[in-house]
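Once you know that position 326 of the sequence shown is 326 in our numbering, the rest is easy, because the numbers rise by one and skip nothing.
Think of the CB as a built atom: it goes at the ideal place given N, C-alpha and C, for glycine as much as any other residue.
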Amino acid sequence: MDIVSRLAGVIGSENVSYCDSELQSYGVDRTTIWEGNPKAVVFPRSVKQLQDIILFANKYSLKVVPSGGRTGLCGGAVANNSELVVSMDKMNIIKEINLDDRSITAEAGVTTQQIQVAAAENHLFYPVDFASSGSSQIGGNIATNAGGINVIRYGMTRNWILGLRVVTGSGDILNLNKSLVKNNTGYDFRHLFIGSEGTLGIIYEATLQLTEPPKPSTVCVFGVEKFAYLTEVLKICKSMLQVNAFEFFCNNALSRVVGAHQYQRPFDTESPFYALVELENTEIETETVFEVYSKCVDEKLITDGVISQSIDQARALWRLREDISETLWHFQPYKNDISVRISKMADFLNDVSQLTQKNYPDFEIIWYGHIGDGNIHLNILKPKNLSTLQFKSFCDGVSMSLGELISKYEGSISAEHGVGLLKKESLRFSRSEDEINLMKSIKKIFDPNAILNPGKLI
Ligand code: 2HG
Ligand code: ZN
1 MDIVSRLAGV IGSENVSYCD SELQSYGVDR TTIWEGNPKA VVFPRSVKQL QDIILFANKY
61 SLKVVPSGGR TGLCGGAVAN NSELVVSMDK MNIIKEINLD DRSITAEAGV TTQQIQVAAA
121 ENHLFYPVDF ASSGSSQIGG NIATNAGGIN VIRYGMTRNW ILGLRVVTGS GDILNLNKSL
181 VKNNTGYDFR HLFIGSEGTL GIIYEATLQL TEPPKPSTVC VFGVEKFAYL TEVLKICKSM
241 LQVNAFEFFC NNALSRVVGA HQYQRPFDTE SPFYALVELE NTEIETETVF EVYSKCVDEK
301 LITDGVISQS IDQARALWRL REDISETLWH FQPYKNDISV RISKMADFLN DVSQLTQKNY
361 PDFEIIWYGH IGDGNIHLNI LKPKNLSTLQ FKSFCDGVSM SLGELISKYE GSISAEHGVG
421 LLKKESLRFS RSEDEINLMK SIKKIFDPNA ILNPGKLI
């Protein structure tokens, strides 16, 4: 009997798929570099089945790729080497909303948006948000410590995890932190699993902290002439108002999004860069938004701007930023997701800009990201005359120089997307050899037979 039929005997053939189209789609995430080639895809429906799969994989030396919504951008969920994909699609129940604790407990396959909607229905708020919230799953969000557009105000996914239930690589079931707010009882394994990219265990359930919904907000888009002015505008906004988001994009990004979706430009004046700022309103602060605008104009930091006058207009302005990644998708961009401390941002951007001009003189470069968090997404578009592999290997080469620069600034080679397959070679620019060796030792404890997510992260 072949190994997959044997596995079907353990968890039921209705929970195993090896049809070609599913193998291909479950074998990849949103990277366009690798092709999926898993042995089979399994869909556990209970923790018992999940544990049986892991025990089976250990017994028969099967490699396992944990799989959520596959919206990742670093190849963290790619199965291109006859692995077994363990999809959490069928563990998708919201188990409890606890109004006293202001928490929600959900299985890993629940989408981010389902969490947000359930919270809102109970007059609460789950603040982690990004363009792929409709398809990304909460287990994957936690495994990659997802960031998004509200980090400046609310922090990353890590800040919202009260408890986790996991099956480790050796098949043990752990209930981590038991959803306690205070629990000083030694090493907090919950935080090891957050951002571990499925290399230590599979998260099957999580309890998330919810909070008060924010007050209504105003969204502004400002035209900015120079990188350095973006951080000046940020300082002014932060000094006068509650900033929920501070994003930026370049004119190429705007033109691509406007062209692809027939959106309106925010205003007629073209600028090299645009800042999108979301400010939380109170009655007094509505006037302050206009003061911020005037101050930035007076100091010649912005050339033009628009301040939303309705919820619809605020949403339309957000689309200009949120739709960039999906719009660029068709151009097979090489992605960089880099960060430094805000205080170093202006100098860093200057140096990165010089580096890209030198190395990519003929490539279209798209700059955008979460400038308020010190995080930029530098996307290089693939010229038509280069094959995917030629393009990737050229950009990988430039990534080494970029890595040196990031290392000099003590920044991160992956601010919010994770490491996966894509950024593994660059990890050494952000983490020391000692740290990487410690990560390897930790992996051996939780996954002694190295069955989980082979080749990812370390
Ligand atoms: C965003 O900020 C996402 O839009 C995706 O993190 C970034 O695709 C990217 O490079
Ligand atoms: Zn982002």
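Apart from the five residues just before and just after residue i, which ones in its own chain have a Cβ nearer than 7 Å to its Cβ?
{"i": "LEU405", "result": "ASP351, VAL352 and LEU355"}
{"i": "SER426", "result": "SER399, GLY403 and ILE413"}
{"i": "ALA119", "result": "ILE104, PHE125, TYR126 and LEU210"}
For residue i, I'd like the list of residues in its chain whose CB is within less than 6 Å of its CB, leaving aside the five on either flank, ordered along the chain.
{"i": "PHE189", "result": "LEU176"}
{"i": "VAL398", "result": "ASN359"}
{"i": "HIS377", "result": "ASP337, TYR368 and GLY369"}
{"i": "PRO38", "result": "LEU23, GLY27, ALA79, GLU83 and VAL85"}
{"i": "PRO213", "result": "PHE125"}
{"i": "PRO66", "result": "VAL86, GLY198 and ILE202"}
{"i": "ALA253", "result": "ILE324, ILE366 and TYR368"}
{"i": "GLY76", "result": "GLU197, GLY418, GLY420 and LYS456"}
{"i": "ALA314", "result": "VAL219 and SER308"}
{"i": "ASN145", "result": "MET156, THR157, ARG158, ILE194 and GLY195"}
{"i": "ASN449", "result": "ASN58"}
Roughly how many angstroms separate the alpha carbons of residue i and residue j, rounded to a whole number?
{"i": "ASP20", "j": "ASN141", "result": "27 Å"}
{"i": "SER510", "j": "ALA106", "result": "A query on residue 510 cannot be resolved here, the shown segment of the chain reaching from 1 to 458 and no further."}
{"i": "SER25", "j": "GLY36", "result": "7 Å"}
{"i": "PHE222", "j": "LYS63", "result": "49 Å"}
{"i": "LYS462", "j": "ARG431", "result": "Given a span of 1 to 458 for the chain in the structure shown, any question on residue 462 remains unanswerable."}
{"i": "LEU200", "j": "ASP447", "result": "6 Å"}
{"i": "VAL42", "j": "ARG265", "result": "45 Å"}
{"i": "ASP268", "j": "ARG321", "result": "17 Å"}
{"i": "LEU162", "j": "SER387", "result": "45 Å"}
{"i": "GLY418", "j": "GLN242", "result": "29 Å"}
{"i": "ASN244", "j": "VAL277", "result": "8 Å"}
{"i": "ILE115", "j": "LEU99", "result": "14 Å"}
{"i": "ASN92", "j": "SER271", "result": "45 Å"}
{"i": "ILE11", "j": "GLN49", "result": "6 Å"}
{"i": "ASN159", "j": "THR31", "result": "27 Å"}
{"i": "TRP318", "j": "SER46", "result": "38 Å"}
{"i": "ASP298", "j": "LYS215", "result": "29 Å"}
{"i": "PHE273", "j": "PHE227", "result": "7 Å"}
{"i": "SER255", "j": "ASP304", "result": "17 Å"}
{"i": "LYS300", "j": "GLU435", "result": "45 Å"}
{"i": "LYS384", "j": "LEU328", "result": "14 Å"}
{"i": "ASP89", "j": "LEU164", "result": "18 Å"}
{"i": "ALA143", "j": "GLU285", "result": "38 Å"}
{"i": "VAL110", "j": "GLN357", "result": "43 Å"}
Terminal residues of the continuous alpha helix (DSSP H) containing residue i?
{"i": "THR327", "result": "324–328"}
{"i": "GLU433", "result": "433–446"}
{"i": "ASN449", "result": "Segment: none, ASN449 is in no alpha helix (DSSP H) and carries neither H nor E."}
{"i": "GLU404", "result": "388–408"}
{"i": "GLU22", "result": "20–26"}
{"i": "THR218", "result": "Premise fails: THR218 lies in the beta strand (DSSP E), 217–224, not in any alpha helix (DSSP H)."}
{"i": "PHE193", "result": "189–193"}
{"i": "VAL117", "result": "112–121"}
Residues in its own chain within less than 8 Å of residue i by CB, not counting five upstream and five downstream?
{"i": "PRO333", "result": "ILE366, ASN379, ILE380, LEU381 and LYS382"}
{"i": "CYS237", "result": "VAL243, PHE246, VAL277, LEU279 and VAL292"}
{"i": "ASN251", "result": "GLU270, SER271, PRO272, PHE273 and TYR274"}
{"i": "ILE3", "result": "LYS39, TYR60 and LEU62"}
Suppose contacts are defined by Cβ-Cβ distances below 8 Å. Is residue i in contact with residue j by that definition?
{"i": "TYR126", "j": "LEU55", "result": "no"}
{"i": "ILE324", "j": "PHE249", "result": "yes"}
{"i": "THR218", "j": "VAL289", "result": "yes"}
{"i": "GLU197", "j": "ASN453", "result": "yes"}
{"i": "LEU208", "j": "SER103", "result": "yes"}
{"i": "PHE193", "j": "VAL167", "result": "no"}
{"i": "ILE173", "j": "GLN51", "result": "yes"}
{"i": "MET345", "j": "VAL292", "result": "no"}
{"i": "GLY147", "j": "GLU416", "result": "yes"}
{"i": "CYS74", "j": "LYS423", "result": "yes"}
{"i": "ILE149", "j": "PHE130", "result": "yes"}
{"i": "ALA108", "j": "TYR18", "result": "no"}
{"i": "VAL224", "j": "ILE302", "result": "yes"}
{"i": "PHE348", "j": "GLY411", "result": "yes"}
{"i": "GLY169", "j": "ILE458", "result": "no"}
{"i": "SER136", "j": "THR71", "result": "yes"}
{"i": "SER401", "j": "PHE429", "result": "no"}
{"i": "VAL340", "j": "TYR263", "result": "no"}
{"i": "GLY372", "j": "LEU234", "result": "yes"}
Tell me the residue span of the beta strand (DSSP E) that contains residue i.
{"i": "CYS250", "result": "243–250"}
{"i": "TYR368", "result": "365–370"}
{"i": "ALA206", "result": "201–209"}
{"i": "TYR229", "result": "Unbroken run through TYR229 is the alpha helix (DSSP H), 227–240; no beta strand (DSSP E)."}
{"i": "LEU164", "result": "161–168"}
{"i": "GLN351", "result": "As written in the sequence, residue 351 is Asp, which differs from the Gln given in the question. From DSSP, ASP351 is part of no beta strand (DSSP E) but of the alpha helix (DSSP H) over 345–359."}
Report yes or no: is there a C-beta of chain C within less than 8 Å of the C-beta of residue i?
{"i": "GLY72", "result": "In the displayed structure, chain C is absent; only one protein chain is listed."}
Closer than 5 Å: residues whose CB approaches a heavy atom of the ligand 2HG:
Residues close to the ligand 2HG by the beta carbon criterion (under 5 Å to any non-hydrogen atom) are, from first to last along the chain, SER325, LYS335 and HIS377.
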